[in-house]
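S.K.:
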Amino acid sequence: MPPASFVALYPKCFANFRSTVGHVTFTLLWWLLFSAVIVFIHGATTMSFIEIPCDVNMINITTTMASNTTYLITNCTLDGLPPTFDGGWMPPIHRFEAMLSTVAPPSSLMNVRIMVQGGNVLPIIKIWPAVGIAGPVSTLLSVINVSVELVNISVEWPATIAPNVVDSIFAVLFAYMRNISLTLRDCSLELHYPSSLVMNSNPILLWILGPLLLLSDDSGTTINMTSSGVSLFVAASRVVIHSQRNTTPSRLFLLEMLAGGVLTNVTILVTQQSTVTILASIWFHLQTVAVMGVQYQRNAGFIAADSQMSHVNFRVSDRSIITLVGILPLEGTTPINDTDVTLMCMQVSSCSDIYVGVEGASFLNMTLVRSTVGEASLMAMTVRRHRATIARFDVAQTAQHVRLVCRNSTTLLRAATKAILFAISAQFMVDVNATISHAVTTQEATAGLAGQQGKVATCVTLSSGVTSTEFGSTPIGIQGSVIHVEHTRIHVVVAADGALNSAISTVYLASDNVFTETGIFVDNVTMVSSVVGSTLSPFMFGAAPLSISVLLFTSTCTLVWLSGNVTAAAVDVQQSRLETAQQFLVVGFSATQLTASVVSILFVPGAVASSTIVITDCNVVMTVVTGAEDDGRGAFGANPPLPAGSTQGWNGNMVNIIATMTQRAASKMINAAPSVLTAFLSSASNATSLFDRVLIVMSRVVISPSTLPKNPSFLGQSVSVIVSMLGLADTTLRNVVVNMTNVSVFSTTATELGAVSDMRSCTRQNITALGFGHGFASLISILGQCTMASNTTVVVNGAAGVMGPAISGYSVTQNAAALTL
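What the sequence shown shows, in our numbering, is residues 3 to 823, in sequence order.
What follows is the structure in structure tokens.
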């Protein structure tokens with residue numbers, strides 16, 4: 003297919019062309035037209051045409067490329083080659099090479115087309131400096147208008163890449179470049195990489211290393227041009243990569259940036275019911291299994307300062323299927339602790355004008371799991387960042403004008419620790435927009451050790467000021483970002499073992515500084531989440547035989563999570579439903595046990611100013627899990643909630659529509675626990691909350707259990723629950739208007755209401771520690787030090803399901819007299 007820019011120039015020439023002309027005829031005519039245009043543009047420049055003969059000797063010959071030349075391999079099928087050591091066979095290859103040099107010209111290569119049409123021969127094209135990769139890099143070398151097209155190529159099993167073949171199909175290294183493209187159309191490639199004689203992290207299809215500025219040309223004219231125009235097209239094709247041994251590749255397309263490197267106009271398109279599958283072993287730290295990876299050049303031993311990417315267009319469309327699977331080694335066998343499986347991973351200094359879209363009934367499966375999945379018997383202080391994402395940006399400075407889209411598609415993300423559709427981390431973000439519409443997504447954080455950072459499942463994550471995994475970031479903020487999630491169903495499963503916490507959300511925005519002019523719109527979204535069925539992992543504190551077992555776990559499940567300083571924001575959640583099951587299995591005895599969960603539509607552990615929050619026609623459903631005898635065990639929270647011999651304990655579950663309540667309130671209960679653990683319960687993201695000049699509207703919202711056990715101990719002894727429309731912990735309201743209209747705090751039938759214990763009218767004697775089975779269903783719940791300051795108004799116009807007082811207060815100690823309202 004011709005480049006999009008050329009089609010745009012001559013739209014009528016190519017309209018419906020494919021439907022009337024066969025692919026072979028189309029491609030040949032396109033070449034002729036392209037050659038004619040080149041002749042027209044360059045005047046006296048003429049295009050040479052070279053056809054490579056189909057002969058078994060072609061696999062031992064390298065063609066040296068020259069400018070203004072078209073190379074063609076047509077319908078070449080070579081069979082009967084000797085088998086590889088594993089019983090497969092090496093697909094026939096033909097090498098093309100151009101070595102550029104300012105000492106022995108040419109210093110440039112331009113106007114070259116390589117086409118392989120039909121048959122089973124794969125080309126390997128390499129353009130690089132004559133001094134080699136390890137030598138000095140020249141800014142006087144250029145590669146312009148070079149394209150590779152594979153049409154109707156079939157390379158099937160048992161095709162096996164030999165251990166000494168480590169090159170990508172198309173590689174351009176250490177040169178200025180413009181208009182570089184690789185196209186696969188109607189191809190079927192299934193390649194196996196059983197092993198490699200060298201450490202091979204090169205990509206499989208397209209490798210761009212060190213796009214540079216061009217400081218002069220062959221004529222000696224001084225110029226200053228930025229590398230631009232790199233394309234990868236996969237249309238109506240099947241690409242399957244088996245790379246399940248150490249030292250074998252795991253990416254299709256890799257851009258490696260040098261210090262000061264700049265690249266613009268990058269296009270990746272997977273369309274027309276194409277299938278891309280990569281099954282890869284994870285064998286080195288910071289490895290990525292991806293269709294596209296953008297990173298600094300790691301083997302140079304430095305970070306690419308001032309590396310920039312702009313005008314990137316990455317689309318998966320038209321019922322295409324992408325399956326990427328990374329298999330981690332057994333836990334504890336290697337130091338690998340930071341890996342990704344993703345459609346696109348971008349690690350640069352700054353980026354702008356980026357579009358990533360999954361559209362047109364496409365399906366994505368991103369899986370990153372250990373070779374053996376099992377529960378962690380103990381929690382350890384460690385970091386495990388194993389992420390499955392659609393797109394992940396790790397930007398040292400600024401990310402601006404970024405659009406992320408998942409529309410009319412299905413995604414499955416399964417990771418050892420973090421499953422996130424879109425994730426951006428940068429010092430400063432401007433105009434970052436994300437849209438998830440008419441989609442179905444399943445996200446899972448599997449069993450196994452995750453460490454103190456916990457397990458995460460969310461759709462959109464924007465974080466500013468959070469330390470980057472690649473660059474040391476300092477906070478600035480987020481500005482002018484808009485997130486839309488609509489007509490979408492989200493299913494989340496998180497294993498609670500091996501971690502201090504779990505975090506589940508549809509939208510997560512965090513900034514250590516400030517984010518302003520932000521809009522979050524959630525409409526017709528159903529999230530069904532489950533933190534059920536796994537056993538909590540204790541942390542052994544101290545040296546044997548005096549070590550003690552400390553059990554800490556906190557869970558947060560919300561549709562919208564705002565953490566930091568929010569100014570001039572609009573949050574609008576309509577006709578949405580959050581269903582969540584929380585059941586943390588406890589086995590054995592721990593001297594200190596804390597389990598806490600926060601469930602809400604909007605979670606705001608921070609400050610909000612000059613903003614509007616509207617939540618209408620929404621439901622929060624507590625999915626009740628009961629035993630066979632319906633004895634109320636493990637209905638919601640820890641199971642069992644507290645061991646009889648615990649010296650300190652907390653089993654607090656907070657279910658709200660809007661919440662500032664966090665697990666930090668519980669940290670006051672566990673002074674005996676090691677500070678290295680409790681520090682993660684009172685981090686910056688859990689700072690004291692403030693609402694200033696905020697309008698809050700809650701209309702036709704309901705909190706309810708999925709079912710109510712016959713045993714009346716459900717909300718009394720097995721579970722301690724704070725249920726409320728507005729749950730506040732260490733929060734100040736100033737110049738705030740709260741309007742509640744037709745709300746139902748705890749919706750059950752009249753008969754069931756009489757069976758619920760410990761939901762009684764407010765008396766001094768009933769306000770005790772939550773860990774011992776007391777709670778209310780109130781309009782407003784207060785925990786810790788809360789202030790309703792000047793010009794704060796709460797208006798209630800129709801409320802049902804209130805059990806106990808309209809405003810309830812809770813103590814974080816076992817001394818009821820410590821509470822002051």
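Heads up, the beta-carbon is just placed ideally off N, CA and C, and yes, glycines get one too.
Could you check what DSSP says for residue 63 in three-state terms: helix, strand or coil?
M.R.: Coil at residue 63, not helix or strand.
S.K.: Roughly how many angstroms separate the alpha carbons of residue 599 and residue 347, rounded to a whole number?
M.R.: Spanning the two alpha carbons is a distance of roughly 32 Å.
S.K.: What does DSSP give as the partner residue(s) for residue 172 in the beta ladder?
M.R.: In DSSP, residue 172 forms a bridge with 127, 208.
S.K.: Please identify the residue among 124, 576, 95, 144 whose C-alpha is closest to the C-alpha of residue 69.
M.R.: Among 124, 576, 95, 144, the Cα nearest to that of residue 69 belongs to 144.
S.K.: For the putative contact between residue 462 and residue 523, defined by C-beta atoms under 8 Å, what is the C-beta separation to the nearest angstrom?
M.R.: Not really, about 12 Å apart at Cβ, beyond 8 Å.
S.K.: At what residues does the beta strand (DSSP E) containing residue 396 begin and finish?
M.R.: First-last of the beta strand (DSSP E) with residue 396: 387-397.
S.K.: Whole-angstrom Cβ separation of residue 284 and residue 253, contact assumed at under 8 Å?
M.R.: Going by Cβ atoms, the distance from residue 284 to residue 253 rounds to 12 Å, so no, they are not a contact pair.
S.K.: Would you kindly work out how many angstroms separate the C-alpha atoms of residue 257 and residue 211, rounded to a whole number?
M.R.: Each residue's alpha carbon lies about 6 Å from the other.
S.K.: Is any heavy atom in the ligand SAM found nearer than 7 Å to the beta carbon of residue 176?
M.R.: Ligands displayed in this structure: none; no statement on the ligand SAM is therefore possible.
S.K.: From residue 155 to residue 576, what distance separates their C-alpha atoms?
M.R.: Distance between the alpha carbons of residue 155 and residue 576: 50 Å.
S.K.: If you drop the 5 nearest sequence neighbours on each side, which residues of the same chain put their C-beta closer than 8 Å to that of residue 535?
M.R.: These residues qualify, in order along the chain: 497, 585, 587.
S.K.: Give me the Cα-Cα distance between residue 558 and residue 506, rounded to the nearest whole angstrom.
M.R.: Rounded to the nearest angstrom, the two C-alpha atoms are 6 Å apart.
S.K.: Could you tell me the distance, in whole angstroms, from the CA atom of residue 455 to the CA atom of residue 549?
M.R.: Answer to the nearest angstrom: the Cα atoms are 23 Å apart.
S.K.: Residue 589 by DSSP, collapsed to three states: which one?
M.R.: In the structure shown, residue 589 sits in coil (DSSP, three-state: anything other than H, G, I, E or B).
S.K.: Report yes if the C-beta distance between residue 452 and residue 501 is below 8 Å; otherwise report no.
M.R.: For residue 452 and residue 501, yes; Cβs fall inside 8 Å.
S.K.: From residue 719 to residue 656, what does the alpha carbon distance come to, in whole angstroms?
M.R.: Note that residue 719 has pLDDT 43, beneath the 50 cutoff, so the model's placement of it is unreliable and no number is given.
S.K.: Since residue 746 sits in a beta bridge, which residues does DSSP pair it with?
M.R.: DSSP, once it has assigned bridges, lists 704, 802 as partnering residue 746.
S.K.: Would you kindly work out how many angstroms separate the C-alpha atoms of residue 364 and residue 408, rounded to a whole number?
M.R.: The straight-line gap from Cα to Cα measures roughly 9 Å.
S.K.: Considering only the beta carbon of each residue, do residue 464 and residue 438 sit closer than 8 Å?
M.R.: In this structure, residue 438 does not lie closer than 8 Å to residue 464 by Cβ.
S.K.: Quick one: is residue 756 buried, meaning 16 or more other Cβ sit within 10 Å of its Cβ, or exposed?
M.R.: Because residue 756 carries a pLDDT of 35, less than 50, the predicted location of this residue cannot be relied on, and the following value inherits that uncertainty. Residue 756 comes out exposed.
S.K.: With DSSP run on the structure shown, which of helix, strand or coil describes residue 810?
M.R.: Residue 810: strand per DSSP, three-state reduction.
S.K.: Go through its chain and collect everything with a Cβ distance to residue 605's Cβ below 6 Å, but skip five positions before and after it.
M.R.: Only 560, 563, 661 meet the Cβ criterion.
S.K.: For the putative contact between residue 327 and residue 276, defined by C-beta atoms under 8 Å, what is the C-beta separation to the nearest angstrom?
M.R.: With a Cβ gap of about 17 Å, residue 327 and residue 276 do not count as contacting.
S.K.: Assuming residue 563 is part of the beta strand (DSSP E), what are its boundary residues?
M.R.: It spans 550-565 - the beta strand (DSSP E) in which residue 563 sits, taken as one unbroken run.
S.K.: Which first and last residues belong to the beta strand (DSSP E) in which residue 379 is found?
M.R.: No beta strand (DSSP E) holds residue 379; DSSP gives it neither H nor E.
S.K.: Can you tell me which of 799, 581, 73, 66 puts its alpha carbon nearest to the alpha carbon of residue 743?
M.R.: Answer by Cα proximity: 799.
S.K.: What does the Cβ neighbour count give for residue 520, buried or exposed, with the cut at 16 atoms within 10 Å?
M.R.: Classification for residue 520: buried.
S.K.: At what residues does the beta strand (DSSP E) containing residue 543 begin and finish?
M.R.: Looking at the DSSP string, the run of the beta strand (DSSP E) that includes residue 543 is 541-543.
S.K.: Mind checking residue 147: buried by the 16 CB within 10 Å criterion, or exposed?
M.R.: Buried, because 16 or more other Cβ atoms sit within 10 Å of the Cβ of residue 147.
S.K.: The beta strand (DSSP E) that contains residue 2, what's its start and end?
M.R.: Outside the shown range of the chain, which is 3 to 823, sits residue 2, and nothing can be said about it.
S.K.: Let me check one thing: in DSSP terms, what residues is residue 244 bridge-paired to?
M.R.: In the DSSP output, where bridge partners are listed per residue, residue 244 has 194, 281.
S.K.: Can you check which of these residues, 297, 790, 73, is closest to residue 50 by C-alpha distance?
M.R.: Here the closest residue by C-alpha is 73.
S.K.: Out of curiosity, what's the CA-to-CA distance linking residue 344 and residue 184?
M.R.: The straight-line gap from Cα to Cα measures roughly 21 Å.
S.K.: Does DSSP put residue 496 in a helix, in a strand, or in coil?
M.R.: Note: residue 496 maps to strand in three-state DSSP.
S.K.: Buried or exposed: where does residue 53 fall if 16 or more other Cβ atoms within 10 Å of its Cβ makes it buried?
M.R.: Under this definition residue 53 is an exposed residue.
S.K.: Among the residues of its own chain, which have a CB less than 6 Å from the CB of residue 730, if the five just before and after it don't count?
M.R.: Closer than 6 Å at Cβ, skipping near neighbours: 662, 784, 788.
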